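Residue numbers (the working numbering): 27 to 438.
Every residue, glycine too, gets a C-beta built ideally from N, C-alpha and C.
All of these numbers come straight from a predicted model, not from anything done at the bench.
The block underneath contains the structure these notes are about, expressed in structure tokens.
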Ligand code: UDP
């Protein structure tokens, strides 16, 4: 078990009844009863950092409470492997792929190494994202149902990389995507599952005002002036430099502060270089707070989001964008790029504001700072939207339903 959890509070299913109502929880228990004793293996490429780890950290304990035997394993690899998978990631999001031909062999060699190291004895194996996709090779010796859970936007992938990965994907029993627009034409069934957040996790639960004040003081942030925040790994696709530029435009009109907070993920080798670029762009402006957070910063992130006047997510490409979900859940007005899964969450002028450029981002931030009543209404509507569609209990219910559906079919 490679799971790490940063949460101090361990929530049980009954705790969710308060947020969702007893009927929703009873439905989950009823579904799980039909799967008791069955086993599930989740495999991804990092135990912390990023949205996938975030979700697994919460979904795995809940399934265990439902007496389903869930194991979560993380593949290992050298820097050479993660350099390749990061290049794949960028290329699958529509970028170019400039690594040499040997990169494909490096990818396969590490998948092979992990295939030899891990145990594939579960009834249902869920492989997350492209990094471990070639583990499907293990299926011929072990059987069971195999699902590929893709968290990224595959709508415009680099052809060379996709042509390499597609034969692996096509051998699964099905593929799950986070949005209909993300999917590819495949010879296997495809399912739509929205990602989700846990309302009771340290990242999202209600906080005492004292905790928020303490966090602001610790980071030297002024609670009296507007706070614009983007929480994200320091990744170029999150466009932190664009956020700094947008803030600099807004700053001409409003005395506000910018918080750019994030850490690295062990499967992302570019973080340090991007962090240096952001520091450089921020220059000597004392109202720009660049916070390099360690992975155990759930309460800090919660407090920063709750203290914010506006949450920004100015990504150039995005998977689903869990930071947006987190901001909406906290009833914050969100200004976010219309990319990836963000438009599913931010319905323009209803649950937030969508933007397409640095200037547009600055314009909408200025609009919200000038219209606090509208900002508040967007935040409240955003909260309801998340409650209906993007909470962890919906994910667990979806997974159980899919497992039951697959159980009705014979495994290969
Ligand atoms: N996150 C975190 N620490 C950081 C940066 C991000 O815990 O330093 C969390 C963030 O709160 C969110 C997730 O990681 O829950 C990021 O998910 P998202 O879908 O926004 O982006 P990804 O990193 O998966 O591209």
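For a cut-off of 8 Å, the C-beta gap from residue 137 to residue 118 is around 16 Å, too long to register as a contact. C-alpha of residue 345 to C-alpha of residue 240: approximately 32 Å in a straight line. Leaving aside the five residues that flank residue 206 on each side, the residues in its chain whose CB is nearer than 7 Å to its CB run, in chain order, 218. According to DSSP, residue pairing for residue 172 in a beta bridge involves 151. At a threshold of 6 Å, residue 319 counts as near ligand 1, since its beta carbon sits closer than that to one of the ligand's heavy atoms.
The beta carbon of residue 232 sits no closer than 6 Å to any heavy atom of ligand 1. DSSP, read as helix, strand or coil, puts residue 257 in strand. Non-local C-beta neighbours of residue 187 in its own chain, meaning closer than 7 Å and more than five positions away in sequence, comprise 114, 117, 118, 123, ordered along the chain. Not a single heavy atom of ligand 1 lies less than 6 Å from the C-beta of residue 326. For residue 101 against residue 157, the beta-carbon gap comes to about 6 Å, under 8 Å, which counts as contact. Here the segment 145 to 154 does not lie against the segment 123 to 133, with fewer than 3 beta-carbon pairs under 8 Å apart. In this structure, residue 349 has its beta carbon less than 6 Å from a heavy atom of ligand 1.
Around the beta-carbon of residue 276, 16 or more other beta-carbon atoms lie within 10 Å, marking it buried. Here DSSP, grouped into helix, strand and coil, assigns residue 311 to coil. With contacts defined by Cβ atoms closer than 7 Å, residue 51 and residue 43 form a contacting pair. From the listed residues 358, 151, 80, the smallest Cα separation to residue 95 is found for 151. Contact holds between the segment 64 to 76 and the segment 278 to 294, because three or more Cβ pairs, one in each stretch, are under 8 Å apart. For residue 116, the uninterrupted alpha helix (DSSP H) run begins and ends at 105 to 118, by DSSP. In this structure, ligand 1 has a non-hydrogen atom nearer than 6 Å to the beta-carbon of residue 259. Two segments are said to touch when three or more pairs of C-beta atoms, one from each, lie closer than 8 Å; by this definition the segment 315 to 335 touches the segment 247 to 255. Taking non-hydrogen atoms of ligand 1 into account, the C-beta of residue 288 is found less than 6 Å away from one of them. Straight through space, the alpha carbons of residue 139 and residue 92 are spaced by roughly 32 Å.
At a threshold of 6 Å, residue 76 counts as near ligand 1, since its beta carbon sits closer than that to one of the ligand's heavy atoms.
Closest in alpha carbon position to residue 356, among 408, 309, 281, 177, is 408.
Going by DSSP, residue 202 is part of the beta strand (DSSP E) stretching over 200 to 203. If the five residues before and after residue 177 are omitted, its C-beta is found closer than 8 Å to the C-beta atoms of 77, 78, 154, 155, 204, 221, 345, 346, all from its own chain and listed in chain order. Under the 8 Å Cβ criterion, the segment 376 to 389 counts as touching the segment 265 to 284, having at least three qualifying pairs. For residue 97, DSSP records a beta bridge to 67.
Closest in alpha carbon position to residue 231, among 142, 41, 196, 88, is 41.
Restricting attention to 419, 37, 404, the CA atom closest to the CA of residue 372 is found in 404. For residue 298, the Cβ stays outside the 6 Å cut-off from all heavy atoms of ligand 1. Membership of residue 217 in the beta strand (DSSP E) is indicated by the continuous run 216 to 218.
DSSP places residue 276 inside the alpha helix (DSSP H), whose first and last residues are 266 to 277. Judged by DSSP in its simplified three-state form, residue 365 adopts coil rather than helix or strand.
In terms of Cα proximity to residue 246, the closest of 192, 196, 317, 103 is 317. DSSP lists 362 as the beta-bridge partner residues of residue 380.
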